[in-house]
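**Q**
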Amino acid sequence: MSVLPKSVENVIAQFSKLPGVGPKSAARMTYHYLRSPNGDATNLANALIDMDENICFCTKCYNVSDKEVCSLCDSLLRKNSKICVVEEPLDVVAFENSAVYEGFYFVLGGVISPAEGIGAEDLRFKQLKERCNELLKELESKRLEVIVATNPNLEGEATASYIHDMFEKYIKEGTMVVSRLAMGLPTGADLEYADRLTLKRALEGRRSI
Ligand SMILES: [Zn+2]
1 MSVLPKSVEN VIAQFSKLPG VGPKSAARMT YHYLRSPNGD ATNLANALID MDENICFCTK
61 CYNVSDKEVC SLCDSLLRKN SKICVVEEPL DVVAFENSAV YEGFYFVLGG VISPAEGIGA
121 EDLRFKQLKE RCNELLKELE SKRLEVIVAT NPNLEGEATA SYIHDMFEKY IKEGTMVVSR
181 LAMGLPTGAD LEYADRLTLK RALEGRRSI
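The working numbering puts the first residue of the sequence shown at 1, with every later residue one more than the last.
(1) Rounded to a whole number of angstroms, what is the C-alpha to C-alpha distance between G22 and S16?
(2) Give the secondary structure of N80 by DSSP, where H, G and I count as helix, E and B as strand, and everything else as coil.
(3) Who are the Cβ neighbours of F167 in its own chain at under 6 angstroms, not counting the five residues just before and after it?
(4) Hey, which unbroken runs of the beta strand (DSSP E) at 3 residues or more fall wholly within the stretch 82–156?
(5) Rounded to whole angstroms, what is the Cα-Cα separation between Y33 and V3?
(6) For N151, tell me which candidate among F104, V92, L72 has the shortest Cα-Cα distance.
(7) Would a C-beta distance cut-off of 8 angstroms place E145 and S71 closer than the cut-off?
Written out as C-alpha cells, the structure is:
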C-alpha cells in the first residue's frame with residue numbers, strides 16, 4: 001500500500017511523463033506545488049486547461065496556434081518563395097527569436113527514426129507536399145526553396161533525403177530547390193538550443209541537396 005494519497009500520486013505520475021523528468025524530480029515538483037501557498041497549483045491547472053482547449057495546429061504550417069491559420073502564415077511580410085521544414089514547434093521559436101529568416105515554416109512533427117518505430121507515414125509529408133503546391137501556385141517566380149532544417153543527426157539527414165526524393169520531379173523541372181542547413185551546427189546538436197549566430201551561419205551557408 002502506498003504511503004501517499006492517491007491525488008498526490010496522480011500528480012507525480014503526470015509530471016513523470018514530462019521529457020527529462022524522472023520520478024524523483026516529479027516528486028519534488030509535486031511537493032513544490034503542495035507547499036505553494038498562493039494558488040500556484042490552481043493557476044498551473046487552469047493554464048494547462050486553457051492551452052488544451054484553445055490551442056490547435058495551424059492548418060498551413062502545423063505550428064501551434066490559437067487560430068486556424070497562425071499569424072506567421074497569415075503575415076503579408078513573409079517571403080512566400082521559401083519554406084523552412086522543421087521537426088517541432090520549438091524550432092520555429094528558435095528561428096523567430098534569432099530573426100534571421102523571413103520565409104514560411106512547416107512543422108513535420110518529428111523525423112524518420114526506424115529505431116523509435118517512426119516511419120514516413122507517421123509524419124506530415126503529404127501535408128508538406130500540399131503546402132508546397134499551394135505556395136507554387138501563388139508564386140510568380142514559380143520557384144520555391146524548401147529549406148530542410150531538421151537536426152544534424154542520422155535521423156535528420158535521412159529525413160532530408162526523403163524530402164529531396166519526394167520533390168525530385170519538381171527539382172528536375174526547376175520549380176523547386178531543396179536545401180539543407182550548413183553544418184555550422186555541430187553534429188548531434190539540437191536546433192532549438194542553437195544561438196542566433198549559429199543559426200544565421202547555418203542558414204546562410206545552406207546548400208542544395
Ligand atoms: Zn501557420
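The beta-carbon is built from N, C-alpha and C at its ideal position, and this holds for glycine as well.
Note that the structure is predicted; figures quoted are calculated from it, not measured.
**A** Quick look at the numbers:
(1) 6 angstroms
(2) strand
(3) M176, V178
(4) 103–107, 144–148
(5) 18 angstroms
(6) V92
(7) For the pair E145 and S71, the CB atoms are not nearer than the 8 angstroms cut-off.
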